[in-house]
Amino acid sequence: MFPTHRDNLFSARHDGFPASRDGSPARSGDFPARRPRRLRGTVALRRLVAETSLEPRHLVLPMFVADGIDDPRPISSMPGVVQHTLDSLRSAATDAVEAGVGGLMLFGVPREEDKDEAGSGATDPDGILNRGLGALKTELGDATVLMADTCLDEFTSHGHCGVLSDDGRVDNDATLARYVEMAIAQAEAGAHLLGPSGMMDGQVAAIRKGLDAAGHTDVGQLAYSAKYASVFYGPFREAVSSSLEGDRRTYQQDSANRRESLLEVDLDLAEGADLVLVKPAMSYLDVLREVADRSPVPVAAYQISGEYAMITAAAQNGWIDRDAAVLESLLSIRRAGADIVLTYWAAEAAGWLS
2 MFPTHRDNLF
12 SARHDGFPAS
22 RDGSPARSGD
32 FPARRPRRLR
42 GTVALRRLVA
52 ETSLEPRHLV
62 LPMFVADGID
72 DPRPISSMPG
82 VVQHTLDSLR
92 SAATDAVEAG
102 VGGLMLFGVP
112 REEDKDEAGS
122 GATDPDGILN
132 RGLGALKTEL
142 GDATVLMADT
152 CLDEFTSHGH
162 CGVLSDDGRV
172 DNDATLARYV
182 EMAIAQAEAG
192 AHLLGPSGMM
202 DGQVAAIRKG
212 LDAAGHTDVG
222 QLAYSAKYAS
232 VFYGPFREAV
242 SSSLEGDRRT
252 YQQDSANRRE
262 SLLEVDLDLA
272 EGADLVLVKP
282 AMSYLDVLRE
292 VADRSPVPVA
302 AYQISGEYAM
312 ITAAAQNGWI
322 DRDAAVLESL
332 LSIRRAGADI
342 VLTYWAAEAA
352 GWLS
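Residue numbers (my numbering): 2 to 355.
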């Protein structure tokens with residue numbers, strides 16, 4: 002009679018264990034010989050054998066700086082997150098860096114009257130995002146990694162991530178020219194890494210060529226390589242005072258697709274991406290794992306506004322332990338393969354972890 006799978010399993014469990022005097026595997030009682038719970042018995046044991054770590058340096062704090070406000074403006078759908086003034090931005094950024102966060106990702110929120118079809122404020126040296134970058138560069142220098150959102154959506158009157166053609170669609174190649182201008186402006190303002198997030202074909206190559214031609218060869222790109230069209234971006238639209246009507250499904254990825262994300266990553270790597278990013282994080286952990294297994298460069302994931310809002314709302318209702326849920330969610334993103342996690346809890350979590 003052939004051995005069953007169960008027989009093989011028990012046999013495998015006994016392999017390598019010391020034999021008793023009669024030659025049979027030594028065990029405590031008849032079952033089981035292998036007890037994984039032994040390594041879970043104390044906090045110290047669990048810490049010793051932990052496979053994944055979460056440290057302040059793994060975390061990046063997204064921040065919003067708004068024009069035309071005198072005090073920080075709360076974002077109602079993201080309790081605890083605000084649109085900053087330049088002064089409060091400097092203060093909050095300094096606190097985050099002192100807590101040990103790995104970097105800051107800055108988004109600009111212009112006044113409504115400063116938006117136009119081409120997103121001119123994105124390339125204006127006096128535009129709010131570039132002023133914010135300059136303020137942080139002056140305040141922090143190279144003490145942190147200063148990142149900038151390289152996308153037009155906050156600055157356009159229509160709310161899309163690029164230039165519109167006559168038929169109302171986003172013109173990919175015309176948008177690339179604007180991205181290059183925006184990238185150079187952000188590099189000159191002091192950004193260390195640019196975050197092209199518009200999902201335009203060829204954006205990484207176009208920006209790289211433009212930066213190099215302008216002498217910014219040391220400025221890198223955190224490419225939003227696998228960015229999905231997602232309902233979980235809802236609170237972010239409030240955070241940046243978005244003017245968008247409709248959706249971005251003609252350029253952001255379809256949530257039904259997995260292989261497509263690997264193609265996007267491969268293209269961005271070939272175009273010179275220094276890091277790649279998956280967005281959203283928590284509902285795309287399978288994609289994150291595959292990207293991490295494939296990528297030769299560091300991989301980031303963005304725990305987005307809707308993910309933040311869901312945990313916050315559940316905690317406010319007393320349904321979950323907020324702090325424990327925050328740490329578990331961040332650890333899950335790290336476990337799935339992210340070297341870097343962008344999260345609105347970065348500064349707070351860094352304080353806990355320190």
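Where is the CB? At the ideal position from N, CA and C, for every residue including glycine.
Local conformation of residue i per DSSP, three classes
i           : result
residue 139 : helix
residue 32  : coil
residue 204 : helix
residue 117 : strand
residue 312 : helix
residue 232 : helix
residue 75  : strand
residue 321 : coil
residue 341 : strand
residue 157 : strand
residue 98  : helix
residue 227 : strand
residue 187 : helix
residue 1   : Since the first and last residues shown for the chain are 2 and 355, residue 1 lies out of range.
residue 43  : coil
residue 329 : helix
residue 176 : helix
residue 54  : coil
Closest residue to residue i among the options (Cα-Cα distance)
i           : options            : result
residue 144 : 267, 100, 173      : 100
residue 312 : 285, 93, 80        : 80
residue 196 : 251, 259, 140, 225 : 225
residue 256 : 292, 275, 274, 280 : 280
residue 205 : 54, 285, 302, 181  : 181
residue 151 : 295, 290, 190, 216 : 190
residue 254 : 170, 277, 296, 201 : 201
residue 304 : 278, 139, 90       : 278
Residues that residue i bridges to, as DSSP identifies them
i           : result
residue 67  : 110
residue 148 : 106, 194
residue 221 : 194
residue 62  : 105
residue 165 : 171
residue 84  : 65, 74
Could you tell me which whole beta strand (DSSP E) segments of length 3 or greater appear in the region 238 to 302?
Here the runs fully enclosed are 276 to 280.
Taking contact to mean 3 or more Cβ pairs, one atom from each stretch, closer than 8 Å, check whether the region 312 to 332 and the region 250 to 262 are in contact.
In short, these stretches do not touch, since the Cβ pair count stays below three.
Report yes or no: do three or more beta-carbon pairs, one from the region 220 to 237 and one from the region 172 to 180, lie closer than 8 Å?
No, because fewer than three Cβ pairs between the region 220 to 237 and the region 172 to 180 fall closer than 8 Å, the two stretches do not touch.
Closer than 8 Å is the cut-off here; do at least three beta carbon pairs connect the region 91 to 110 with the region 49 to 67?
Yes: the two stretches touch, three or more of their Cβ pairs being nearer than 8 Å.
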